[in-house]
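Below is one structure, written out as structure tokens, with a few remarks after it.
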Amino acid sequence: KRERLQSIVDVPAVTRDGREFQLLANIASLHELEQTLKRGAKGVGLFRTEMVYMDGTTWPKEEEQFGVYKAAAEKLQGKPLVIRTLDIGGDKQLDYISLPEEENPVLGYRGIRISIDRRDMFKTQLKAILRASVYGSIRILLPMISSVEEIRKARDVLELAKQELRSAGTAFDELIPVGIMIEVPAAAAIADMLAQEVQFFSIGTNDLVQYVLAVDRMNEKISHLYEPFHPAVLRMLKLTVEAAQKHGISVSVCGELAGDPDALPIWLGLGVHDLSMAAQSLLDVKSRLIESSEEEGKRLLERLLDCRTSAEMKGLLQARETSVP
Ligand code: PEP
Ligand code: MG
246 KRERLQSIVD
256 VPAVTRDGRE
266 FQLLANIASL
276 HELEQTLKRG
286 AKGVGLFRTE
296 MVYMDGTTWP
306 KEEEQFGVYK
316 AAAEKLQGKP
326 LVIRTLDIGG
336 DKQLDYISLP
346 EEENPVLGYR
356 GIRISIDRRD
366 MFKTQLKAIL
376 RASVYGSIRI
386 LLPMISSVEE
396 IRKARDVLEL
406 AKQELRSAGT
416 AFDELIPVGI
426 MIEVPAAAAI
436 ADMLAQEVQF
446 FSIGTNDLVQ
456 YVLAVDRMNE
466 KISHLYEPFH
476 PAVLRMLKLT
486 VEAAQKHGIS
496 VSVCGELAGD
506 PDALPIWLGL
516 GVHDLSMAAQ
526 SLLDVKSRLI
536 ESSEEEGKRL
546 LERLLDCRTS
556 AEMKGLLQAR
566 ETSVP
């Protein structure tokens, strides 16, 4: 099977009826980038920057962060690189800052909430990203957004970072695109409003499923309830994608569900053509994609939207799988 998969590394990610996809990779370090390119990724759709912060015993300096982002951009040779700003808190901790003990860390001080609160730390990261932006095709992605205000506050810090670079005469991409993760139900619910504030959406199904279903993604006792193929999740995805389409911004998916070949009909049906996933999933997804058709996806999505249970949804998705020659 591995050899068969390896043989499609250079095959274009196009459905039988000609719909082209951009299959991108999620990475957490420069080291992972190597693996990714070997598996034919067309770029990085999610660079989780937490590791850049976890390596040391204190906040990494601007120079150090710049070095990492620049190296990633150069390695990608113009292919897209989406850098997500620091997303600590919840399940991700940093030893050198003591975050308050919280009753519900997943609903607590995390992601963009910390960045907006610690503006200097945030500004340092943004400056490092901006400086790297002249070495490739970089985009900025903000995690855990749940309101228009948060986007505006983040943009204020970005503007400050840009001003400081300008006055120092440092080059950066003035038009660097800014996007947000859609991973909190509130963001999906007001996706039409958020779409008017940013250049792109990236759907984080890992957290979205956790929050929509109120099921802690780390709690094994309820892992059977953590179900991405749930009618409520599908409605959130539909709301988000339609809002992006209506306002003409791009939308991709970067949660684990993007790497599940069974989910492909959903993306085909909704009209999502950019998927970012763990490098190990790239060829599995491509192999299914090249046997799929957009038309079939659209038909299947209509039926999925009528399903009342996860079992029904999965039944439909798997029936399709066995019917493909
Ligand atoms: C997500 O929530 O789907 C996501 C991609 O981000 P993370 O897994 O890093 O929370
Ligand atoms: Mg997340």
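The opening position of the sequence shown corresponds to residue 246 in full-length UniProt numbering, with each subsequent residue numbered one higher. The beta-carbon is built from N, C-alpha and C at its ideal position, and this holds for glycine as well. All values derive from a computational prediction rather than experimental measurement.
When you compare each of T450, L484, A488 to E472 by their alpha carbons, which one comes out closest?
Of the listed residues, the one whose Cα sits closest to E472 is T450.
For the putative contact between M344 and S382, defined by C-beta atoms under 8 Å, what is the C-beta separation to the nearest angstrom?
Note that residue 344 is Leu in the sequence shown, not Met. 33 Å between Cβ atoms; not a contact.
Could you give the DSSP three-state label for V460: helix, strand or coil?
In the structure shown, V460 sits in coil (DSSP, three-state: anything other than H, G, I, E or B).
Take L405 as the anchor and find which of M366, E442, V443 has the nearest alpha-carbon.
The shortest C-alpha separation from L405 is found at M366.
For D519, name the three-state secondary structure that DSSP assigns.
D519 falls in the strand class under three-state DSSP.
Within a Cβ cutoff of 6 Å, which residues of the same chain sit near V460, ignoring the five residues on either side of it in sequence?
Once the five neighbours on either side are set aside, the close Cβ partners of V460 are I467, L470, Y471.
For the ligand MG, which residues have a Cβ under 5 Å from at least one heavy atom, in chain order?
Qualifying residues come out as E428, G449, D452.
Below 8 Å CB to CB, which residues in the same chain sit around L528 once its five sequence neighbours on both sides are set aside?
Closer than 8 Å at the Cβ level, and outside the excluded window around L528, lie L250, Q251, I253, V254, R284, G285.
Starting from S497, follow its DSSP beta bridges and name the residues at the other end.
Note: S497 sits in a beta bridge opposite S447, D519.
Return the chain-ordered list of same chain residues with a C-beta closer than 6 Å to the C-beta of A433, the five sequence neighbours on each side being excluded.
Hits under 6 Å: I427, M481, L484, T485.
So for F474, helix, strand or coil by DSSP?
Coil, per DSSP.
Check the C-beta distance from E347 over to V393 and give it rounded, since I have them as a contact under 8 Å.
Not confirmed; about 25 Å, so no contact.
In the DSSP assignment, what residue or residues form a beta bridge with Q267?
Note: Q267 sits in a beta bridge opposite D519.
Whole alpha helix (DSSP H) runs in the region 371-419 with 4 or more residues, listed along the chain?
Within the region 371-419, the complete alpha helix (DSSP H) runs of at least 4 residues are 393-413.
Could you pull the start and end residues of the alpha helix (DSSP H) that G542 belongs to?
G542 -> alpha helix (DSSP H) spans 539-551.
Looking at C-alpha atoms only, which residue of H475, L502, L278 is the closest neighbour of K287?
Checking every option, the nearest Cα to that of K287 belongs to L278.
Below 6 Å CB to CB, which residues in the same chain sit around D452 once its five sequence neighbours on both sides are set aside?
Once the five neighbours on either side are set aside, the close Cβ partners of D452 are E428.
Relative to the C-alpha of G263, which residue among I396, I333, E539 is closest?
Of the candidates I396, I333, E539, the one whose C-alpha sits nearest the C-alpha of G263 is E539.
Is A399 near Y314, with beta carbons less than 8 Å apart?
Cβ atoms of A399 and Y314: not closer than 8 Å.
Out of curiosity, what's the CA-to-CA distance linking I494 and A440?
If I take the Cα positions, the gap works out to 7 Å.
Cα-Cα, which of I535, D519, L546, R384 is closest to F266?
Nearest option by C-alpha distance: D519.
Which one of Y380, M389, A377 has the shortest CA to CA distance from residue 234?
Within the shown structure, residues of the chain are numbered from 246 to 570, placing residue 234 beyond reach of any answer.
Cutting at 8 Å between CB atoms, please list the residues of its own chain near residue 214, excluding the five before and the five after it.
Outside the displayed range of the chain (246 to 570) lies residue 214, so it cannot be described from this structure.
Please report the straight-line C-alpha distance between G500 and L458, rounded to a whole angstrom.
Answer to the nearest angstrom: the Cα atoms are 16 Å apart.
Secondary structure at P422, three-state DSSP: helix, strand or coil?
It is coil, neither helix nor strand.
Are the beta-carbon atoms of I511 and V259 separated by less than 8 Å?
Cβ atoms of I511 and V259: not closer than 8 Å.
Between D461 and the ligand PEP, is there a pair consisting of the residue's CB and a ligand heavy atom that are separated by less than 7 Å?
Because no heavy atom of the ligand PEP lies under 7 Å away, the Cβ of D461 does not count as near it: no.
For I328, list the residues DSSP reports as bridge partners.
Per DSSP, F292, I385.
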